[in-house]
Amino acid sequence: MLTIEQLDKTYRTGDHALRQVSFVLEPGQLIGLIGPSGAGKSTLIRCVNRLVPPTGGRILFEGVDVARVGRRELRRVRRRMGMIFQEYALVERLTVMENVLSGRLGYVPFWQSLTRRFPQADVDQAFALLERVGLGDQFDKRADELSGGQRQRVGIARALQQNPELLLVDEPTASLDPKTSRQIMRLIRDVCEERQLSAIINIHDVMLAQMFVDRIIGLRAGAVVFDGPPAALDDGVLTTIYGEEDWTMMRATAVEDAAEAAERAEERMAGLR
Amino acid sequence: MSAAAARKWRRPPVLIKNDRWRLAIYGGAIVYLILAAASVPVDPARIVVGLDRGWRFVEGFLTPDFISRGNAIWDGLVESLTMTVTSTVVGCLISVPIGIGAARNLAPLPVYLLCRAIITLSRTFQEVIIAIFFVAMFGFGPFAGFLTLSFATIGFLAKLLAEDIEDIDWRQVEAVRATGASWSQVVNYAVQPQVMPRLIGLSLYRLDINFRESAVIGIVGAGGIGATLNTAIDRYEYDSAGAILLLIILIVMAAEYSSSLIRRRLN
Amino acid sequence: MPTVDRGDTRIWTRRTSREEWLRWALLFATVALFVWCWQVMTETTIWAFVWDAPVQAVDIGDRMWPPRWSYIERLWWPLWDTLNIATLGTLLGIVLAVPTAFMAARNTTPSAWLVRPVALFIIVASRSINSLIWALLLVAIIGPGVLAGIIAIGLRSIGFIGKLLYEAIEEVDESQVEAVRATGASPAQIVDYAIVPQILPAFVGISVFRWDINIRESTILGLVGAGGIGLQLQASLNVLAWPQVTLILLCILVTVIVSEWVSAQVRAAVS
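Chains as they are written, first to last, in the working numbering: chain A, 125 to 397; chain B, 245 to 511; chain C, 74 to 344.
So this is what it looks like as structure tokens:
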């Protein structure tokens, strides 16, 4: 459903962010994009809906080359791709409901969005989605009143409100604690399964990626250095992606995190007694 | 799900949450606006006559004449600029003690009240009103303008300085005080370093404001380019007036640009 | 850094000698400029008047007190006009300043090469020219009266509101804008959903702040014939009716203090 061919991106500053990236995303597939910071993960995901215009290559989404469509057509393509952001990127001063309904902006005319008179079907869907992500009664709260995990749930609802065919997910767990991170990842995977969505997920946490995605693509300095199932990720591959030192360190912190989590769980249970 | 299907949603009010207050405030505002607009006398015939003059002004602005009133413009500009420099320097020097005196965390209550009274007096009245009084006392000319602008500078700078001092990091003051420093040493070592950069920035900003104001107080006889401008407009010499306005805009732009450069260098 | 080893003692100075020199040079230049400006400025000053000023001040003070309270009846209408000039003028300024600000902000301007410089010039021109000068021009063009005052205040307010507003627009959180853009929203929808909510508190604060300043400015527009209480001030000054001047000044004082209080309350409520 999405074919990326020899995608290239050089920023005006001269940074060569993507080099000849190619892959094919199958319907219903969840791809985890891993790599050290600065590897071009964020650029790649933003090229797909052209928030960042690529400098070379093709992005074929259901037969349309996103890199070359006109402005009006681009908006029509964008509304078919839901996006979930690092740090949530909710409009903080709008209510939860307005944030979710903003997922319909590509579908309704300007005056309708200005007066906030969305079709009742959209409102029904928004209520149902808020229910689905577990925020059924929070709709009139302002987004900045919510906790981090709740905000990301609103972000997910906003993306789903578009009725997308593809989800672009940019570091969904970057500012969440380990437990909430797993809940959010599980929620994303579950809604993708329910709706037969495919997704590209940027994620810096390798363990989390292995737990929830079908396929992993490793980027290093803007080039694909690994493409395969999570099980094929071994120390050798991860060392090529992250470099010797970083990978050893990441693994060490991951082990520590796990130990800590186990310890906390024990303490909790001790408290129950 | 069927229960949720008929749920209506309306956007909650953005600014005023309370229903009654919102109704009262918006209703009051509308009533006021109608009354106010109705009480503005408009004379369409006069405006039609004036449009021709307005067009001539636009023409004058686009084809400014710097030459025929060149001497008067030059004298006015020199007066304005010298007034600006002297009044900013004097105003800043006086603002510092008054600003310190008006900071509640440094000054004793009687001093505080006195300094705040001076600031309020200076801020309440428009420069032009102050200028009228100084002209009455000191005679026509730039000296009255200089006094006006100095006085206005005090109200502006001392108030902002006092607010800055009230907002400083108090731990630094405590640390210096703990060494056994006297009041003036505390001001020098703990307060001054914290407020100095902004004080310099504000002084430069005030320089710019003083120049703009110097173009106005001439209208009531306090010297500067304003007097020249007033004469030009009174005589319907719109090309000279356009030239003066362009000069004012250019000088303000230059002052703004250079002060932003200086501020960047300081930081 | 600024230490000098002289034999076995190490001398510490606050700044390097180069910095020290620069500072002294700057100070000297400022003093020289000040003295020169002072000389030029006072060339035409008649010092006899200046030395006479305290006597004049006492004289005026004597004449001003007590205020002529009965004159207040003639001031209600001018005060109402003054309030209207400030309020309607601010509204006019807002209407003109908002589009200008969106055209001037780097992230919302339709064209950075063509439209933005024009919008920035409008802002600078409006800021450089005092409302009294605008009033002077407008009285000549559309005749004396409240309308000239309203337009003068409006034209002056474009620059102030426009500048602060476009700075606020340039400071919005881009990630929220990006998120709304990613839904396929049109440029107008992006402004409505991602930018307006972020700048709304700043916008209300700026507008009320300008209204407060405009109250002060509109008290003097009457001096050039543009309506409001300044007309009464001018008339009283012309006939040297100092007790009336005192009352007018008291009225201005109260109005300004009340408007400052209102503006502070509103700004505290929206932030």
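Where is the CB? At the ideal position from N, CA and C, for every residue including glycine.
Exercise. What in chain B is Cβ-close to A/E222, meaning under 8 Å?
Worked result: What A/E222 touches in chain B: R255.
Exercise. Residues of chain A with a CB under 7 Å from the CB of C/E251: which are they?
Worked result: Residues of chain A whose Cβ lies closer than 7 Å to the Cβ of C/E251 are, in chain order, L175, A213.
Exercise. Hey, C/I206 and B/V372: beta-carbon distance below 8 Å or not?
Worked result: Taking the C-beta atoms as reference points, B/V372 is found no nearer than 8 Å to C/I206.
Problem set entry | Interface flag, A/V188 vs chain B, CB-CB below 8 Å | Chain B, which has no Cβ nearer than 8 Å to the Cβ of A/V188, makes this no.
Problem set entry | A/E216 beta carbon near the ligand NAD (any heavy atom closer than 7 Å) | In terms of ligand content, the structure shown is empty, and the ligand NAD therefore cannot be addressed.
For this session: Take the Cβ of B/W253 as the centre, count every other Cβ of all protein chains shown within 10 Å, and call the residue buried at 16 or more, exposed below.
Result: Label assigned to B/W253: buried.
Exercise. Taking 8 Å as the CB-CB limit, is B/R251 close to chain A?
Worked result: Closer than 8 Å: yes.
Exercise. Given that A/V247 touches chain B, what residues does it touch there, using C-beta distances under 8 Å?
Worked result: Result: R251, K252, W253.
Exercise. Using a C-beta to C-beta distance shorter than 8 Å, which residues of chain A count as neighbours of C/L238?
Worked result: Ordered by position in chain A, no residue passes the 8 Å Cβ test against C/L238, which lies about 16 Å from the chain.
For this session: State the DSSP-derived secondary structure class of A/L126, mapped to helix, strand or coil.
Result: In the structure shown, A/L126 adopts extended strand secondary structure according to DSSP, grouped into three states.
Exercise. Would the segment 168–177 of chain C and the segment 467–487 of chain B be scored as touching if the rule is three or more Cβ pairs under 8 Å?
Worked result: The segment 168–177 of chain C vs the segment 467–487 of chain B: no contact.
Exercise. According to a CB-to-CB cut-off of less than 8 Å, which residues of the segment 295–313 of chain B neighbour chain C?
Worked result: So the close ones are L295, R297, G298, F301.
Problem set entry | Under 7 Å from the C-beta of B/S426: neighbouring residues of chain C | None at all; the shortest Cβ gap to chain C is about 19 Å.
Problem set entry | Inter-residue Cα distance where the pair is C/R159 and C/R289 | First, the amino acid is wrong: residue 159 of chain C is Ala here, not Arg. For the pair C/A159 and C/R289, the Cα-to-Cα distance works out to about 8 Å.
For this session: Kindly identify the DSSP beta-bridge partner or partners of B/G424.
Result: Answer is none; B/G424 lacks a bridge partner.
Problem set entry | C/I133 to C/A337 span [Cα, whole Å] | Spanning the two alpha carbons is a distance of roughly 35 Å.
For this session: Show which residues of chain C have a CB atom less than 8 Å away from the CB atom of B/A380.
Result: Listed along chain C, the residues sitting closer than 8 Å to B/A380 by beta-carbon distance are Q129, I133.
Exercise. In chain C, what lies closer than 8 Å to B/G385 by C-beta?
Worked result: Those are T117, T118, I119, listed as they occur along chain C.
Exercise. Near A/Y135, which residues of its chain fall below 7 Å by C-beta distance, leaving aside the five closest residues on each side in sequence?
Worked result: If you ignore the 5 residues before and after A/Y135, its C-beta comes within less than 7 Å of the C-beta of A141, all in its own chain and listed in chain order.
For this session: Just mark A/R397 as buried or exposed, buried being the case when its beta carbon has 16 or more other beta carbons within 10 Å.
Result: Its pLDDT being 42, under 50, A/R397 is placed unreliably by the model, and nothing is read from it.
Exercise. Rounded to whole angstroms, how far is the Cβ of A/I340 from the Cβ of A/P354, which I believe are closer than 8 Å?
Worked result: A/P354 and A/I340 do touch by the CB rule: their CB atoms are close to 5 Å apart, below 8 Å.
Exercise. Of all the residues that make up the segment 483–505 of chain B, which are near chain C by a beta-carbon distance shorter than 7 Å?
Worked result: Under the 7 Å Cβ criterion, the segment 483–505 of chain B contributes L489, I492, I493, V496, M497.
Exercise. Is A/D189 helix, strand or coil when you go by DSSP?
Worked result: In the three-state DSSP reduction, A/D189 falls in the strand class (E or B).
Exercise. Can you list the residues of chain C that A/G230 reaches, using a CB-CB cut of under 7 Å?
Worked result: Simply T256, G257, A258.
Problem set entry | Segment limits, beta strand (DSSP E) that includes C/I223 | Per DSSP, C/I223 belongs to no beta strand (DSSP E); it is in the alpha helix (DSSP H), 219–243.
Exercise. Are the segment 174–191 of chain A and the segment 125–132 of chain A touching by the rule of at least three beta carbon pairs closer than 8 Å?
Worked result: Yes: the two stretches touch, three or more of their Cβ pairs being nearer than 8 Å.
Exercise. How long is the line joining the alpha carbons of C/I228 and C/R340, rounded to whole angstroms?
Worked result: In the sequence as presented, Ile is not what sits at residue 228 of chain C; that position holds Leu. Looking at the two C-alpha atoms, the distance is approximately 23 Å.
For this session: Under 8 Å by Cβ, that's how I've got B/S447 and B/T330 pegged, so tell me the actual separation to the nearest angstrom.
Result: So it is not a contact: roughly 14 Å between Cβ atoms.
For this session: Specify the secondary structure class of A/A323 as computed by DSSP and reduced to three states.
Result: In the structure shown, A/A323 sits in a strand (DSSP, three-state: E or B).
Exercise. Can you find a C-beta in chain B that's less than 8 Å from the C-beta of C/N287?
Worked result: So no, C/N287 is outside the interface.
Exercise. From the beta carbon of A/L396, is the nearest beta carbon of chain C less than 8 Å away?
Worked result: Because the pLDDT of A/L396 is 46, which lies under 50, any placement of that residue in the model is unreliable, and the number read from its coordinates should be weighed accordingly. Not one chain C Cβ lies under 8 Å of A/L396.
Exercise. Does any CB atom of chain B fall closer than 8 Å to the CB of A/F251?
Worked result: Closer than 8 Å to some Cβ of chain B, the Cβ of A/F251 qualifies, so yes.
Exercise. How about B/T368: is its C-beta nearer than 8 Å to some C-beta of chain C?
Worked result: Yes - at least one Cβ of chain C is within 8 Å of the one on B/T368.
Problem set entry | B/T472 - DSSP class collapsed to helix/strand/coil | B/T472: helix per DSSP, three-state reduction.
Exercise. So with Cβ pairs under 8 Å, would you call C/A241 a contact of chain B?
Worked result: For C/A241, the answer is no, since every Cβ of chain B falls outside 8 Å of its Cβ.
Exercise. So, using beta-carbon positions, are B/I363 and B/G320 closer together than 8 Å?
Worked result: No, Cβ-Cβ distance for B/I363 and B/G320 is not below 8 Å.
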